[in-house]
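Reviewing the structure listed below.
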Amino acid sequence: MELKTVSTHHVPVRMFEGGSGEPLLFLHGAGGLMANDPFLVALAAKYHVFAPLLPGYGDSEEAPELREMLDITLHNLDLVDVLGLKDPILAGHSMGGMIAAEMAALDNHRFSRLALIAPAGLWLDDHPIPDIFSLVPYEYPPLLFHNAEAGAALFTAGANFDDPEWLKGFLITNARQLGMAGKILFPVPDRGLSQRLYRVRAKTLLIWGDDDRLIAPVYGQAWKKAVSHAELAVIPEAGHMVIWEKTTETMAALNRLA
12 MELKTVSTHH VPVRMFEGGS GEPLLFLHGA GGLMANDPFL VALAAKYHVF APLLPGYGDS
72 EEAPELREML DITLHNLDLV DVLGLKDPIL AGHSMGGMIA AEMAALDNHR FSRLALIAPA
132 GLWLDDHPIP DIFSLVPYEY PPLLFHNAEA GAALFTAGAN FDDPEWLKGF LITNARQLGM
192 AGKILFPVPD RGLSQRLYRV RAKTLLIWGD DDRLIAPVYG QAWKKAVSHA ELAVIPEAGH
252 MVIWEKTTET MAALNRLA
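Sequential numbering of the sequence shown, starting at 12, is according to the numbering used here.
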């Protein structure tokens, strides 16, 4: 994947691009993206992938002018224009799924296919979503992965949670990233999206891990009810990071948008 810079309305965007085939715009979750992200690599084997980083993620600049969800949604729609994409597959994971859904609802003639992987954006009082802003590093893997031990190895890239150099790097990076994510998700990821989902016209695929402990699978049913003609694919033995734990199965599910 090549990391490049494009600009939208004076906001520089760092973006991974790679692969060939149909264009697919992928929006990342609160954890961000890496060039060797296994899901990005899998996507690029089949699609021409455009995967922008939100401001504050990776080596991208922060953008204080993006103050709320509407600003961020319009920012991403502007990016589609700048890239000259015509009806790309629009996909997003977790927080990125929430942004993708907002884009498809706001500009509902632009996208004909929408893939939402364990998206944030709804709130069920009986199934509150844990506060990711209050977690310490070792608390993430049990929340994000079906296999917490294997997930910890992926989460830390093999380092130990008590490694001072890893911990220092994680805390600095996480603080920058969550500064942006907080505009979308804090204190709860309810920005009124449920009232706009009726506007989504795209063929919509929802993908969920059956052991998602961050955004429980019951949310999949809520999304399916809210988006007309949405299809729900539940992947066994997978948590919130289903894109890492079950990359092959997630890719197979995406075939339903063909």
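C-beta atoms are modelled at their ideal positions from N, C-alpha and C, and glycine is treated no differently.
Given the structure is predicted, the values throughout are model-derived calculations rather than measurements.
Determine the DSSP secondary structure at residue i, reduced to helix, strand or coil.
{"i": "Ala-233", "result": "helix"}
{"i": "Arg-124", "result": "strand"}
{"i": "Ile-83", "result": "helix"}
{"i": "Ile-110", "result": "helix"}
{"i": "Ser-105", "result": "coil"}
{"i": "Lys-57", "result": "coil"}
{"i": "Lys-179", "result": "helix"}
{"i": "Met-26", "result": "strand"}
{"i": "Glu-76", "result": "coil"}
{"i": "Ile-143", "result": "helix"}
{"i": "Leu-216", "result": "strand"}
{"i": "Val-17", "result": "strand"}
{"i": "Gly-63", "result": "It should be pointed out that residue 63 corresponds to Pro in this sequence rather than to Gly. DSSP places Pro-63 in strand when its eight states are reduced to three."}
{"i": "Ala-263", "result": "helix"}
{"i": "Glu-248", "result": "coil"}
{"i": "Phe-172", "result": "coil"}
{"i": "Ile-226", "result": "coil"}
{"i": "Phe-37", "result": "strand"}
Based on Cα-Cα distance, which residue from the options lies nearest to residue i?
{"i": "Ala-46", "options": "Tyr-68, Glu-33 and Asp-98", "result": "Tyr-68"}
{"i": "Pro-63", "options": "Arg-187, Thr-184, Ile-183 and Gly-103", "result": "Gly-103"}
{"i": "Met-262", "options": "Ser-31, Gly-43, Val-52 and Ser-105", "result": "Val-52"}
{"i": "Asp-222", "options": "Lys-257, Val-238, Met-191 and Ser-239", "result": "Lys-257"}
{"i": "Arg-267", "options": "His-240, Leu-182 and Pro-247", "result": "His-240"}
{"i": "Leu-243", "options": "Ala-129, Ala-112, Arg-202 and Pro-66", "result": "Ala-129"}
{"i": "Leu-125", "options": "Ala-161, Leu-146, Asp-173 and Leu-217", "result": "Leu-217"}
{"i": "Leu-44", "options": "Leu-265, Phe-166, Pro-198 and Leu-196", "result": "Phe-166"}
{"i": "Arg-210", "options": "Leu-36, Pro-152, Ala-111 and Leu-38", "result": "Ala-111"}
{"i": "Val-238", "options": "Phe-50, Leu-204 and Asp-48", "result": "Leu-204"}
{"i": "Lys-194", "options": "Ala-41, Glu-260, Val-17 and Ser-18", "result": "Ala-41"}
{"i": "Phe-144", "options": "Val-229, Ala-186 and Leu-178", "result": "Ala-186"}
{"i": "Lys-179", "options": "Phe-156, Leu-81, Leu-155 and Pro-148", "result": "Pro-148"}
{"i": "Ile-226", "options": "Leu-154, Leu-265 and Ile-246", "result": "Leu-154"}
{"i": "Gly-30", "options": "Pro-23, Ala-55 and Val-253", "result": "Ala-55"}
{"i": "Asp-82", "options": "His-20, Leu-101 and Met-26", "result": "His-20"}
{"i": "Glu-73", "options": "Val-22, Ile-183 and Leu-182", "result": "Val-22"}
{"i": "Val-24", "options": "Asp-48, Asp-89 and Leu-208", "result": "Asp-89"}
{"i": "Phe-61", "options": "Leu-182, Ile-246 and Val-17", "result": "Val-17"}
Going by other Cβ atoms of all chains shown within 10 Å of its Cβ, with 16 needed for buried, is residue i buried or exposed?
{"i": "Lys-97", "result": "exposed"}
{"i": "Tyr-58", "result": "buried"}
{"i": "His-251", "result": "buried"}
{"i": "Gln-206", "result": "exposed"}
{"i": "Ala-269", "result": "exposed"}
{"i": "Glu-113", "result": "buried"}
{"i": "His-39", "result": "buried"}
{"i": "Thr-259", "result": "exposed"}
{"i": "Phe-50", "result": "buried"}
{"i": "Gly-220", "result": "buried"}
{"i": "Asp-137", "result": "exposed"}
{"i": "Leu-265", "result": "buried"}
{"i": "Asp-92", "result": "exposed"}
{"i": "Ser-105", "result": "buried"}
Below 8 Å on the Cβ atoms is my guess for residue i versus residue j; work out the distance and round it to an integer in Å.
{"i": "Thr-215", "j": "Leu-127", "result": "7 Å"}
{"i": "Arg-212", "j": "Asn-119", "result": "5 Å"}
{"i": "Lys-15", "j": "Glu-33", "result": "In fact, because the Cβ distance is near 20 Å, the residues do not count as touching under 8 Å."}
{"i": "Met-191", "j": "Leu-85", "result": "Rounded, the Cβ-Cβ distance is 15 Å, inconsistent with contact."}
{"i": "Pro-139", "j": "Leu-36", "result": "About 30 Å separates the two Cβ atoms, so there is no contact after all."}
Any C-beta of chain B sitting closer than 8 Å to the C-beta of residue i?
{"i": "Arg-224", "result": "Structure shown: chain B not included; a single protein chain is present."}
May I ask you to verify whether the stretch 153-172 touches the stretch 66-80, counting CB pairs closer than 8 Å and requiring at least 3?
no
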